[in-house]
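Asks: The structure is given below, and queries will be raised subsequently.
Protein chains in written order, with my numbering: chain U, 261 to 385; chain B, 16 to 324.
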């Protein structure tokens, strides 16, 4: 637990790949390495972002196409249909399987929602 | 059999009533470990106490006594446990043992199936599996070697890049600290001792808090961690309309956010001491009940009586 403290910018290659892949999926369109760097925050070196994108491309998790002098990257959509269905099933609270897994956030009541809206304004402000 | 055999039931009842309070009060890592440990100690000692109460009744059955060197007549004379209590203890123990075993098997199988479903998914980047789905969801799926974090595109889009780091760190903490094992232990414990029914929910809460704290430490910003949880929760509830929406909740999410916006959890030596006392009392009670049972059967051996005479 203490190991995490004070190393907020120390990320393993795997963690970095996760973050970059998540950014590609969250984006509206293809991203250049500079876009990804801007999205993830200034603490990452440009070359690190480029290497990570290249690695995702090599693994088949991202596609890329030429844009001007460099590449732009997009997430690869190639999941087998049955896998996608199995995953959706895992996430929804429909099965026994899903019930044993930790879920990031549980359901809110209307009252909770109001409290959270207020807290969000507080945190953002 | 002295009254000490009933001590585990008293301790369990007290713990059962105070579990949620301990869960909110203790630092989450300490709280999870201590609650699971003291809960398990209570459940095992009540099971042992039931076995001890049932044992004297079982020992009086001629078919069983034939294998032992005690006399049914002497045992019946020495035994202070009414036969009805012995019978009830035996029946209760059998039912609870079956329930506990069934819970362990059902949850163990569910975890194994979840892990198997994830093995089919692309072994992509670090440990992240992204599912194309607008409904924002995220779950940690523990595996035998490496676990997986399964997140929908809906969840990724609901958060900013730095909030996604919180989400990933949170789910990674679930996997790294093996939170599913604490939850499994809590579920089996509650099945074995229904007085501890509050344990599974409380351990779910403390493990969420534990992962929140680890995520906050990882990004080095408690407010950011709080914001990520708020935004994810609001996005999730926007999608849960219709009959799926709940009119009430356990209030876990607002609690977690309040804790994150507060200072890091403090040490609670008195709460820790209380749970250590629970553990100790259970061990003492089990040992006393064991000694009582042994001496009861020894006193009921006819040979021992004649040799002393």
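A virtual CB, placed ideally from N, CA and C, is assigned to each residue, including glycine.
So with Cβ pairs under 9 Å, would you call residue 334 (chain U) a contact of chain B?
Replies: Walking along the first chain from the start, residue 334 (chain U) turns up at place 74. Taking Cβ atoms only, chain B never reaches closer than 9 Å to residue 334 (chain U), which makes this a no.
Asks: What residues from chain U crowd round residue 182 (chain B), counting only those whose CB sits closer than 7 Å?
Replies: Working through the second chain from its first residue, we reach residue 182 (chain B) at position 167. Going along chain U in sequence order, the residues near residue 182 (chain B) (Cβ under 7 Å) are 364.
Asks: Please list, in chain order, all residues of the same chain as residue 184 (chain B) whose beta carbon is under 6 Å from its beta carbon, the five residues on each side excluded.
Replies: Residue mapping note: residue 184 (chain B) aligns to position 169 of the second chain, counting from 1. Within the same chain, residue 184 (chain B) has close Cβ partners 230, 233.
Asks: Could you tell me the alpha carbon to alpha carbon distance between residue 240 (chain B) and residue 315 (chain U), rounded to whole angstroms?
Replies: Within the second chain, residue 240 (chain B) is the residue found at index 225, counting from 1. Within the first chain, residue 315 (chain U) is the residue found at index 55, counting from 1. Going from the Cα of residue 240 (chain B) to the Cα of residue 315 (chain U) covers about 29 Å.
Asks: What's the gap between the Cα of residue 204 (chain B) and the Cα of residue 289 (chain U)?
Replies: Stepping through the second chain from its first residue, residue 204 (chain B) is reached at position 189. Stepping through the first chain from its first residue, residue 289 (chain U) is reached at position 29. In a straight line, the C-alpha of residue 204 (chain B) is about 50 Å away from that of residue 289 (chain U).
Asks: CA-CA distance, residue 361 (chain U) and residue 316 (chain B)?
Replies: The residue labelled residue 361 (chain U) in the question sits at position 101 within the first chain. The residue labelled residue 316 (chain B) in the question sits at position 301 within the second chain. Each residue's alpha carbon lies about 53 Å from the other.
Asks: Between residue 148 (chain B) and chain U, is any beta-carbon pair separated by less than 9 Å?
Replies: By 1-based counting over the second chain, the position of residue 148 (chain B) is 133. Yes - at least one Cβ of chain U is within 9 Å of the one on residue 148 (chain B).
Asks: Under 9 Å, do residue 37 (chain B) and residue 289 (chain B) count as touching if we go by C-beta distance?
Replies: Along the second chain, one-based indexing puts residue 37 (chain B) at 22. Along the second chain, one-based indexing puts residue 289 (chain B) at 274. Cβ distance < 9 Å, so residue 37 (chain B) and residue 289 (chain B) count as in contact.
Asks: At a Cβ threshold of 9 Å, is residue 152 (chain B) touching chain D?
Replies: Reference to chain D is not applicable here, since the protein chains of this structure are U and B.
Asks: Which residues in chain B have a C-beta closer than 8 Å to the C-beta of residue 383 (chain U)? List them in chain order.
Replies: What you label residue 383 (chain U) is simply residue 123 of the first chain in a count that begins at 1. Going along chain B in sequence order, the residues near residue 383 (chain U) (Cβ under 8 Å) are 238, 241, 242, 245, 276.
Asks: Taking only beta-carbon positions, decide if residue 170 (chain B) is within less than 9 Å of chain U.
Replies: As a first step, residue 170 (chain B) is located in the second chain; it is residue number 155 there, counting from the start. Taking Cβ atoms only, chain U reaches closer than 9 Å to residue 170 (chain B), which makes this a yes.
Asks: Would you please verify whether the beta carbon of residue 261 (chain B) is less than 9 Å from any beta carbon of chain U?
Replies: Along the second chain, read from residue 1 onward, the residue named residue 261 (chain B) stands at position 246. Interpretation of residue 261 (chain B) is limited by its pLDDT of 49, a score under 50 that renders its predicted location unreliable; no figure is taken from the coordinates.
Asks: List the residues of chain B that residue 380 (chain U) touches, going by C-beta distances under 8 Å, in chain order.
Replies: Residue mapping note: residue 380 (chain U) aligns to position 120 of the first chain, counting from 1. Here the neighbours are 242, 245, 246, 249.
Asks: Short check: CB of residue 157 (chain B) to CB of residue 170 (chain B), under 9 Å?
Replies: By 1-based counting over the second chain, the position of residue 157 (chain B) is 142. By 1-based counting over the second chain, the position of residue 170 (chain B) is 155. Result no, Cβ atoms of residue 157 (chain B) and residue 170 (chain B) do not sit closer than 9 Å.
Asks: Skipping 5 residues on each side, what residues in its chain have a beta carbon closer than 6 Å to that of residue 104 (chain B)?
Replies: The count along the second chain starts at 1 and reaches residue 104 (chain B) at position 89. Excluding positions up to five away in sequence, the list reads 65, 68, 69.
Asks: Can residue 90 (chain B) and residue 74 (chain B) be called in contact, C-beta distance under 9 Å?
Replies: Within the second chain, the letter at position 75 stands for residue 90 (chain B). Within the second chain, the letter at position 59 stands for residue 74 (chain B). Their beta carbons are under 9 Å apart, which means residue 90 (chain B) touches residue 74 (chain B) by this criterion.
Asks: Does the stretch 283-301 of chain B come within contact of the stretch 18-38 of chain B, defined as at least 3 CB pairs closer than 8 Å?
Replies: Yes: at least three Cβ pairs fall under 8 Å.
Asks: At a Cβ cut of 9 Å, what residues of the stretch 88-105 of chain B count as close to chain U, listed as they run along the chain?
Replies: Against chain U - using a Cβ distance shorter than 9 Å - the stretch 88-105 of chain B contributes no residues.
Asks: Would you mind telling me which residues of chain U sit closer than 8 Å to residue 23 (chain B), beta carbon to beta carbon, in chain order?
Replies: Stepping through the second chain from its first residue, residue 23 (chain B) is reached at position 8. Result: empty, since nearest Cβ-Cβ is about 28 Å, beyond 8 Å.
Asks: Check residue 357 (chain U) in the structure and name its three-state DSSP category.
Replies: Residue mapping note: residue 357 (chain U) aligns to position 97 of the first chain, counting from 1. Of the three classes helix, strand and coil, the one that applies to residue 357 (chain U) here is helix, per DSSP.
Asks: Could you say if the stretch 185-200 of chain B and the stretch 290-305 of chain U meet the contact criterion of at least three C-beta pairs nearer than 8 Å?
Replies: Touching, no.
Asks: Suppose you measure from the CA of residue 320 (chain U) to the CA of residue 336 (chain U); what does that come to, to the nearest Å?
Replies: Indexing the first chain from 1 puts residue 320 (chain U) at position 60. Indexing the first chain from 1 puts residue 336 (chain U) at position 76. Roughly 7 Å separates the two Cα atoms.
Asks: Take every Cβ of the stretch 272-282 of chain U, pair it with every Cβ of the stretch 298-317 of chain U, and state whether three or more of those distances are shorter than 8 Å.
Replies: Touching, yes.
Asks: Should residue 243 (chain B) go down as buried or exposed, given a rule of 16 or more other Cβ atoms within 10 Å for buried?
Replies: One-based indexing of the second chain puts residue 243 (chain B) at position 228. Classification for residue 243 (chain B): buried.
Asks: Where residue 286 (chain B) and residue 280 (chain B) are concerned, what is the direct C-alpha to C-alpha distance, given to the nearest angstrom?
Replies: As a first step, residue 286 (chain B) is located in the second chain; it is residue number 271 there, counting from the start. As a first step, residue 280 (chain B) is located in the second chain; it is residue number 265 there, counting from the start. Their Cα atoms are separated by approximately 13 Å.
Asks: With DSSP as the reference, please indicate the residues paired to residue 312 (chain B) in a beta bridge.
Replies: Indexing the second chain from 1 puts residue 312 (chain B) at position 297. Bridge partners of residue 312 (chain B): none, in fact.
Asks: Can you give me the Cβ contacts of residue 59 (chain B) inside the same chain, cut-off strictly under 8 Å, excluding the 5 residues immediately before and after it?
Replies: The count along the second chain starts at 1 and reaches residue 59 (chain B) at position 44. Counting only Cβ-Cβ distances below 8 Å, and skipping sequence neighbours, we find 207, 297, 301.
Asks: If we ignore side chains and look at the alpha-carbon of each, how far apart do residue 17 (chain B) and residue 86 (chain B) end up?
Replies: The count along the second chain starts at 1 and reaches residue 17 (chain B) at position 2. The count along the second chain starts at 1 and reaches residue 86 (chain B) at position 71. Whole-angstrom Cα-Cα distance: 21 Å.
Asks: What's the gap between the Cα of residue 236 (chain B) and the Cα of residue 227 (chain B)?
Replies: For the purposes of this step, residue 236 (chain B) is identified with residue 221 of the second chain, where counting begins at 1. For the purposes of this step, residue 227 (chain B) is identified with residue 212 of the second chain, where counting begins at 1. Whole-angstrom Cα-Cα distance: 11 Å.
Asks: Figure out for me which residue from U:328, U:273, U:271, U:284 has the closest Cα to the Cα of residue 392 (chain U).
Replies: With chain U covering 261 to 385 only, the question about residue 392 (chain U) has no answer from this structure.
Asks: Quick check on DSSP: helix, strand or coil for residue 46 (chain B)?
Replies: Taking the first residue of the second chain as position 1, residue 46 (chain B) is located at position 31. Residue 46 (chain B): helix per DSSP, three-state reduction.
Asks: Take residue 55 (chain B) as the anchor and find which of B:307, B:211, B:220 has the nearest alpha-carbon.
Replies: Position 40 of the second chain, counting from 1, holds the residue named residue 55 (chain B). The residue with the shortest Cα to Cα distance from residue 55 (chain B) is B:211.
Asks: How is residue 335 (chain U) classed by DSSP in three states: helix, strand or coil?
Replies: Here residue 335 (chain U) corresponds to residue number 75 of the first chain, with the count starting at 1. Note: residue 335 (chain U) maps to strand in three-state DSSP.
Asks: Would you tell me roughly how many angstroms separate the C-alpha atoms of residue 238 (chain B) and residue 225 (chain B), rounded to the nearest one?
Replies: Locating residue 238 (chain B) in the second chain gives position 223, where the first residue counts as 1. Locating residue 225 (chain B) in the second chain gives position 210, where the first residue counts as 1. Near 16 Å, if we compare the C-alpha coordinates of residue 225 (chain B) and residue 238 (chain B).
Asks: Among U:287, U:303, U:286, which has the Cα closest to the Cα of residue 271 (chain U)?
Replies: Sequence index remark: in the first chain, residue 271 (chain U) carries index 11 (1-based). For residue 271 (chain U), the nearest C-alpha among the options comes from U:303.
Asks: Exposed or buried, what is residue 370 (chain U) when buried is set at 16 or more other beta-carbons lying within 10 Å of its beta-carbon?
Replies: The sequence position of residue 370 (chain U) within the first chain is 110, counting from 1. Exposed.
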